[in-house]
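For reference, the structure discussed in these notes is given below.
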Amino acid sequence: FRIGLYFTPCAVMFENERLFRSVAAMGPGGRRVIVLIKTIVLLSLCAGCEAQLLFSVSEEVDKGTVVGNLAKDLQMNGKELEKRDLRVVSGNSKKYFDVDVETSNLYVCERIDREELCPTTAKCSINVEAILSNPVRLHRIEVQIVDINDNAPSFRDKEKIFNISESSFPGERYLLPLAHDADTGSNSVKSYKISSNEYFTLDVQIGGQHSESVEMVLQKPLDREKQAVISLTLTAVDGGKPARSGTLNIVVYVMDTNDNAPVFSQNLYKAQVTENVPVQTPILTVSATDLDEGVNGEVVYSFIERGNFLPETVFSINSNTGEITVIGKVDYEENTAYDIRVQARDKGVPSRSVHGKVLIEVIDLNDNTPEISVTSLMSPVKEDAELGTVVALVTVSDKDGGKNGLKNPLELHRVSLHIQDVNDNSPKFKKNLIEMEIRESADKGGRFSIEEANDADIGQNAVQRYILQKNDNFILSVDNKKVELVLENRLDREKQKEMNLLLTALDGGSPQRSGTVVIHVTVLDANDNAPVFSQAVYKASLPENSPLDTVVMQVSATDADEGVNGDVKYDFGHLSDEDVNVFSVDPQSGEIRVTGLIDYEERRSFEMRVEAKDGLGLTSYAKLLIEVIDKNDNAPVIQLKSLTNPVPEDVSPGSEVGIINVQDRDSEKNRQVRCSIQQNVPFKLVPSIKNYYSLVTTGQLDRELVSDYNITISATDEGSPPLSSSKTLHLSVADINDNPPVFEEESYSAYVSENNRAGSTLCSVSAGDPDWRQNGTVIYSLLAAEVNGAPVSSYVSVNGDTGLIHAVRSFDYEQLRSFKVHVMARDNGSPPLSSNVTVSVFISDVNDNSPQILYPAPEGNSFMTELVPKAAHGGSLVSKVIAVDADSGQNAWLSYHIVKSSDPGLFSIGVHSGEIRTQRDISESDSMKQNLIVAVKDNGQPSLSATCSMYLLISDNLAEVPELKDISYDEKNSKLTSYLIIALVSVSTFFLTFIIIILGVRFCRRRKPRMLFDGAVTIPGAYLPPNYADVDGTGTLRSAYNYDAYLTTGSRTSDFKFVTSYNDNTLPAEQTLRKSPTDFADVFGDVDSSLEFDPSLTLQYFPSHQRMFYLAFLVFQLKMGKMLSIVIGQTS
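Using UniProt numbering, count along the sequence shown one by one with no gaps and you end on 1132.
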């Protein structure tokens, strides 16, 4: 029976350990059930459970490091493992281990970093599976990754800053951030130490019952006036060998408190001033300094009232600079000196003050005239009064003193009258209520000045002593009329925020009089209380995938201080890099909210520290424990552990082709999975070990029917709602080479313009092969053949991979218009199969040949001369320009134009025929010599052209023809020239006789009608050299006309082209293309082939100046033959 347990290799894993505890609770019967279960398990293991192998290896070992020998641990020999196709598969994205089939060693094949694999857990292991085929067996292998000390401790921040008041009490604690060490165990952080200093020590709590913390403890009071900034270094050391360490810079800024009163630079300030000085006259400047900073060190000055004299009526003091100036009348006769008390008070809270004494002596000026007064007068005076009788008493006085007064002419006696004081005035304070603010952090013994009482009486009747009401904190100190409160015991605002003290001033009169004043002391708060959390540990549970900004919990801390000292702000303590972006705490309310992804599969719980800090930096901490609740948020993951791909199409049914593993990252029911496969495929899933399935064939495979299978495997978990996933396996069927390549078309045609660039693409052929991989890979090649006697490979090439056909050379339409090649497509099977296709290449013409003028010959500087009868009428045919163009189509359509003429209105030329005709009748006024320049243009784009010059002589016979000009020769060759003339005459005679015989025989055989115009002579018909074609109407003679060619009368270097005379045998284009001289002889009929020769072969043996005579000889022969033909024709 099944009671919630399942087997793994060499280990039994119970799905719920509480099962045994619940069964054991049944009593003795329950314990017997447990024994029965264990017995069944042991029997099952003995029946054939697979072994689980455990290895260990250190991180960062070199690739190729041997972890263990599988053959030895599986108790199998290496050959058997190789035969059973031993493979190692892993569920990780990286494959860290592999097996050497020959040695059966499990070795490292990828860099292993424990901190990357297991960043949050101390124990780290990689699970892989060793799979054996025939039959399928799976062995689980656990490789534990041993940590090495390859990471030094580090702090998240490089520097930590504290602002600590100098009034802070010894014993106050300040939490320091923890160092993070990616290593674990003994290689993690083990100790902390702080640099040597006189103020702080370190309290470290690591392990044990307390959570890990590092705190800085204040040992003695700080004094900003001695040291305002304290720099410390915190060092974290791990336990590795050798040890590694990391440091954190700590900067403590000592915040000032008002613990220093201002101090005058002198105890007594003295000055002299002349009476009657102008207002605003400066007298002196008092100065006091305060060691505190900021407002605590800013000093303001003021006068203190003493008795009935008010200093403000005569003098003023600048509250900021301490400068004393005159603002009233200074009269020596009223006051010879001024005794003034000055107070220097800082702006701290509470403020501190000090009193100074200023003595100002007045210097007398003679600003008073003597005064005469009659104190006694006898009037009238008797006339018989004796000499010396005093008739009046006159007194003269002067208020000035010293030299400014009178030297008494009379003897005066001053009488002093002392008035005795009686105690008729009570001591009196300036105010009835004195307000004082004293910080609770004030040091014991601190003094606070109080303005003394004033008594109008003097002497014994004046103020003699002061009495302070009894209290727990203050006593009274009176020294030289300076009254001060002295702090005897420290204040505590949290116990008593304010107090009223009664100060009594007593005089010495009888009866004694007194005056009182109430001193109201407000105790100002000092930051002497750290915040206190409402709980030491906060616990909460949180479902995974909670939305952002979800409130997890709210922490709360209170601070007994007030104001900024009692304002509590919340923040997290040290967080790992993984937790920084997961949660946030509201600094004011203490609400903990979700700011990142909560994934149960990544972290099942979070333990953090939250801190509460008041305004001046006192801090306390609480622990947060957040448990993550699993949700069914992970669909099953289907992993392909092994797959035979492609599968031979002759594989037998029931063969295993793959191993599938299904995993679900959720827990409990959410991870229980059912697996299935789609229908209508010849495969099925056979359960193997837990979560493993074998993919086997169920029928015969045929690649020609189905070459690929997309097999969809579905997995569904038991969660609510259930999640499912599917994986499609692409399985190919292996092929055999039974199909030859087949071209997409039966034949291919390529068209290319002549003068193409070598390497340009002509066309492409494409053949497909339904076979697979190398059996279906087609390679193209040219079959051996010849084109115009040359290998076809010298004309085109084919890309073996793509079938692109390229031109190897530049084609010339005038030489080659088309050709065919045969392309073979061959696959890479064994044996290979092939097929062929014919590719026809057609070359199209481009206008790359200029017209060539055959008559008149345009070579050199020569020009042709024609005779025009003087009696020629308008429209008479004079001559014809004969030209050909090697191009075809419209590129060979020629047109003729007269570019320049001696008499523009005398001759015209046929645009398409080239026939030169008279436009009007010849008149006597026309010049005998007429010069024409004719241009011949083709119809290509762009158009090409050629020009020639022709001279026309208006004359009826040769006698009127001017002699040849410019025939000069070298004297040294005159003898050879004479020989040539003699030879010319001799040969001409022979030649004339020969021509007559030939013509006679010809005219006897066939007589043809001729059309002659009066005075014209015939010229040979158009001679078309090899490789030139004649186009109708654009350069050939019509059969109705015959022409004669005359020698040019140009320079002696003019060339002559020999042509064969014929009547009206005009050659068609197809008979002129690619014709040899012998071919032309066949067309012309019975003309003796000995007459057809190339004069240029003979001319090359003569110097240039002698060629003229040789040419004259040839022309003479031609003329004689033509003249004879005219006679015969007329006779016949």
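By construction, the Cβ of each residue, glycine as well, lies at the ideal position given by its N, Cα and C atoms.
Rounded Cβ spacing between residue i and residue j (contact assumed at less than 8 Å)
i, j, result
"Val-628", "Leu-723", "Incorrect: roughly 18 Å between the Cβ atoms, too far for contact."
"Met-615", "Val-532", "Note that residue 615 corresponds to Gly in the displayed sequence, not to Met. With a Cβ gap of about 15 Å, Gly-615 and Val-532 do not count as contacting."
"Ser-684", "Val-696", "The residue you asked about is not Ser; residue 684 is Lys in the sequence shown. Right, their Cβ atoms sit about 6 Å apart."
"Ile-711", "Ile-660", "The pair is not a contact, with the Cβ atoms about 10 Å apart (cut-off 8 Å)."
"Ser-793", "Leu-804", "Not a contact, Cβ separation roughly 15 Å."
"Val-286", "Gly-322", "4 Å"
"Asp-708", "Asp-769", "Asp-708 to Asp-769, Cβ: 16 Å. No contact."
"Arg-703", "Glu-649", "4 Å"
"Val-254", "Ile-164", "6 Å"
"Val-88", "Val-101", "With a Cβ gap of about 10 Å, Val-88 and Val-101 do not count as contacting."
"Lys-870", "Ser-955", "7 Å"
"Val-878", "Cys-763", "No, Val-878 and Cys-763 are not in contact; Cβ-Cβ is about 53 Å, not under 8 Å."
"Ile-434", "Ile-519", "5 Å"
"Ser-477", "Glu-488", "Their Cβ separation, rounded to whole angstroms, is 10 Å, which puts Ser-477 and Glu-488 out of contact at 8 Å."
Contact check, residue i vs residue j, beta carbons under 8 Å
i, j, result
"Val-108", "Gly-64", "yes"
"Phe-264", "Ala-344", "yes"
"Glu-225", "Asn-187", "no"
"Tyr-795", "Val-778", "no"
"Glu-786", "Ile-843", "no"
"Gln-535", "Ala-622", "yes"
"Leu-701", "Val-651", "yes"
"residue 1134", "Val-868", "The structure shown does not extend to residue 1134, since the chain is modelled only from 1 to 1132, so the question has no answer here."
"Thr-336", "Val-362", "yes"
"Ile-250", "Lys-160", "yes"
"Pro-119", "Glu-578", "yes"
"Leu-501", "Leu-468", "yes"
"Val-585", "Val-610", "yes"
"Pro-282", "Thr-247", "no"
"Phe-169", "Val-252", "no"
"Phe-52", "Arg-140", "The sequence shown places Gln at residue 52, rather than the Phe named in the question. Going by C-beta atoms, Gln-52 is nearer than 8 Å to Arg-140."
"Thr-558", "Leu-175", "no"
"Val-330", "Asn-404", "no"
DSSP bridge partner residues for residue i (one or two, in chain order)
i, result
"Gln-460", "Answer is none; Gln-460 lacks a bridge partner."
"Gln-930", "Leu-952"
"Asn-163", "Tyr-253"
"Ser-620", "Ala-612"
"Pro-543", "Ile-629"
"Met-216", "Tyr-174, Leu-202"
"Asn-69", "Asn-105"
"Val-733", "Val-647"
"Tyr-96", "In DSSP, Tyr-96 forms no bridge with anything."
"Ile-996", "Its beta-bridge partners do not exist; DSSP assigns none."
"Asn-127", "Glu-142"
"Asn-710", "His-730"
"Asn-56", "As written in the sequence, residue 56 is Ser, which differs from the Asn given in the question. Answer by DSSP bridge pairing, in chain order: Gln-144."
"Ser-725", "Ala-715"
"Leu-575", "For Leu-575, which the question treats as bridged, DSSP gives no partner whatsoever."
Check: residue i C-beta below 7 Å from any heavy atom of the ligand GDP
i, result
"Val-585", "As for the ligand GDP, it is missing from this structure, which has no ligand bound."
Chain D within 8 Å of residue i, Cβ atoms only
i, result
"Lys-690", "Absent from the structure: chain D. Only one protein chain is present."
Is it true that the segment 554-571 meets the segment 652-663, where meeting means three or more beta-carbon pairs spaced less than 8 Å apart? Not touching, per the Cβ criterion.
Please go through the segment 420-499 and give each complete beta strand (DSSP E) segment of 3 or more residues, from N-terminal end onward. Listed in chain order, they are 433-439, 447-450, 463-468, 474-479, 482-487.
Beta strand (DSSP E) segments (min. 3 residues) lying fully within the segment 659-700: For the segment 659-700, the continuous beta strand (DSSP E) assignments of 3+ residues that do not extend past its boundaries occur at 673-677, 683-687, 692-697, in sequence order.
Hey, is the segment 878-888 in contact with the segment 900-914, meaning 3+ C-beta pairs nearer than 8 Å? With a cut-off of 8 Å, the segment 900-914 and the segment 878-888 count as touching, because enough Cβ pairs lie within range.
As an exercise, report each continuous beta strand (DSSP E) stretch of at least 3 residues that is fully enclosed by the UniProt domain "Cadherin" (744-853), in chain order. Segments of the beta strand (DSSP E) lying fully in the UniProt domain "Cadherin" (744-853): 747-753, 761-764, 778-782, 796-798, 804-807, 818-827, 834-844.
With a cut-off of 8 Å, do at least 3 Cβ pairs link the segment 638-649 to the segment 593-610? They do not touch, by the three-pair rule.
Would you be able to state if there are at least three C-beta pairs under 8 Å between the segment 172-191 and the segment 143-158? Short answer: they touch.
Determine contact between the segment 926-939 and the segment 892-905, defined as no fewer than three beta-carbon pairs at a distance below 8 Å. At 8 Å Cβ cutoff, the stretches touch.
Would you call the segment 980-987 and the segment 935-946 in contact, with 3 or more CB pairs under 8 Å? Verdict: no, contact absent.
My parser needs the beta strand (DSSP E) runs of 3 or more residues fully inside the segment 340-416; what are they? Qualifying beta strand (DSSP E) stretches, in chain order: 353-363, 371-377, 392-397.
Cβ contact check for the segment 506-517 and the segment 543-553: 3 or more pairs under 8 Å: Not touching, per the Cβ criterion.
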